[in-house]
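Numbering-wise, the UniProt record's numbering puts 75 at position 70 of the sequence shown, and it's gapless, one number per residue. Cβ coordinates follow ideal geometry from the N, Cα and C atoms, glycine included. Here the structure is a predicted model, which means the values were calculated and not measured. This report concerns only the one structure given below.
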Amino acid sequence: VLALDIQGLTKTYSGGVKALKGIDLSVSQGDFFALLGPNGAGKSTSIGIISSLVHRSSGSVKVFGYDISTHLEDAKRCIGLVPQEFNFNQFETVQQIVVNQAGYYGVPRALAHERAKTYLSQLDLWEKRHARARELSGGMKRRLMIARALMHQPKLLILDEPTAGVDIELRRSMWEFLRKINQEGVTIILTTHYLEEAEMLCRNIGIIDHGSLVECTSMKSLLNKL
Ligand code: ADP
Ligand code: ADP
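This is how it looks when you write it as structure tokens:
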């Protein structure tokens, strides 16, 4: 079964903007996949639809075989989402944010605390666990979003421009972490407008432009063409 199977996906926003014009895309289990494209290409819209934050106009989306129109809750449980904007409560502590997230998914409290310790340590946030989110630097907030998205141990981690505005050193350590998670079996899809980032990390790549998928290939064969 595919991690992601999208057929004929379109999205026209209420103002009339055709953000997606018929996307077919599949991502295998265990893949590290980049959706690359310029600003306004439709990357965030695609991710929004996959994670069911945005309604699609037509087409089908299956996540690990679960069709989001008939098995939405099952599909959602497979996904950990790291959106671009910081969307946590700035007044909660780091630990509260991740433990509460696990609570939404019914993870028992003791297990949630165990996972919190694991992910916060791996993302170099454990020392900050009692700090309120608003006291964190941008890079720390970004890592907090990743820890939070992993708390229910999703099979598919989706990240929207994960390293936008992150300095090169931190970017490298985030890449390391994502590689490790992927090696442990989590399928990863990220959007980026840096070819370099896709090149460093990803096995397969889809290039989206003006709402259409213009290329979908392995990173290797793309680099051979360039
Ligand atoms: P990307 O993530 O690749 O930068 P987006 O998916 O954000 O692209 O945007 C694709 C197109 O849809 C753009 O033309 C953008 O202006 C438009 N768009 C995005 N979100 C909305 C929205 N909520 N309402 C109307 N148009 C939108
Ligand atoms: P609020 O804005 O009221 O805090 P959200 O829109 O952030 O609520 O969350 C709504 C639902 O989406 C919650 O059930 C939450 O579990 C889920 N959710 C929010 N963020 C994520 C994420 N990063 N990964 C997976 N699920 C999320």
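Beta carbon of Asp29, beta carbon of Gly13: below 8 Å?
yes
Contact with chain B by Gln89, beta-carbon distance below 8 Å
Within the model displayed, chain B is absent; a lone protein chain is all it includes.
Going by beta-carbon coordinates alone, are Cys83 and Lys160 separated by less than 8 Å?
yes
Where do the ends of the beta strand (DSSP E) carrying Asn94 lie?
Careful: Asn94 lies outside any beta strand (DSSP E) and carries neither H nor E.
Any heavy atom of ligand 1 closer than 7 Å to the beta-carbon of Ala138?
no
Taking the continuous beta strand (DSSP E) assigned at Glu132, which residues delimit it?
From DSSP, Glu132 is part of no beta strand (DSSP E); its letter is neither H nor E.
Short of 6 Å in beta carbon distance, which residues of its chain neighbour Ser51, apart from the five on each side in sequence? Order them along the chain.
none
Residue from Gly64, Tyr124, His76 with nearest C-alpha to Thr15
Gly64
Considering Glu220, what are the terminal residues of the beta strand (DSSP E) in which it resides?
217-223
Taking only heavy atoms of ligand 1 into account, decide whether any of them is closer than 7 Å to the Cβ of Lys48.
yes
Burial state of Arg147 (16 or more Cβ within 10 Å):
buried
Please report the distance separating the alpha-carbon of Gly35 from that of Ile54.
21 Å
At what residues does the alpha helix (DSSP H) containing Ser49 begin and finish?
It spans 48-55 - the alpha helix (DSSP H) in which Ser49 sits, taken as one unbroken run.
Could you round the C-beta distance between Phe96 and Arg137 to whole angstroms and report it? I think they count as a contact, below 8 Å.
Contact holds; Cβ gap of about 6 Å.
Let's test the definition: count the other Cβ atoms within 10 Å of the Cβ of Val87 and tell me whether it reaches 16, buried, or not, exposed.
buried
Is it the case that the region 169-178 contacts the region 140-159, given that we only count it when at least three CB pairs across the two stretches are under 8 Å?
yes
Own chain residues within Cβ distance below 7 Å of Leu77, not counting five before or after
Ser57
For the beta strand (DSSP E) holding Gly64, just list the boundary residues, first then last.
63-68
Do the CB positions of Met179 and Val191 come within less than 8 Å of each other?
no
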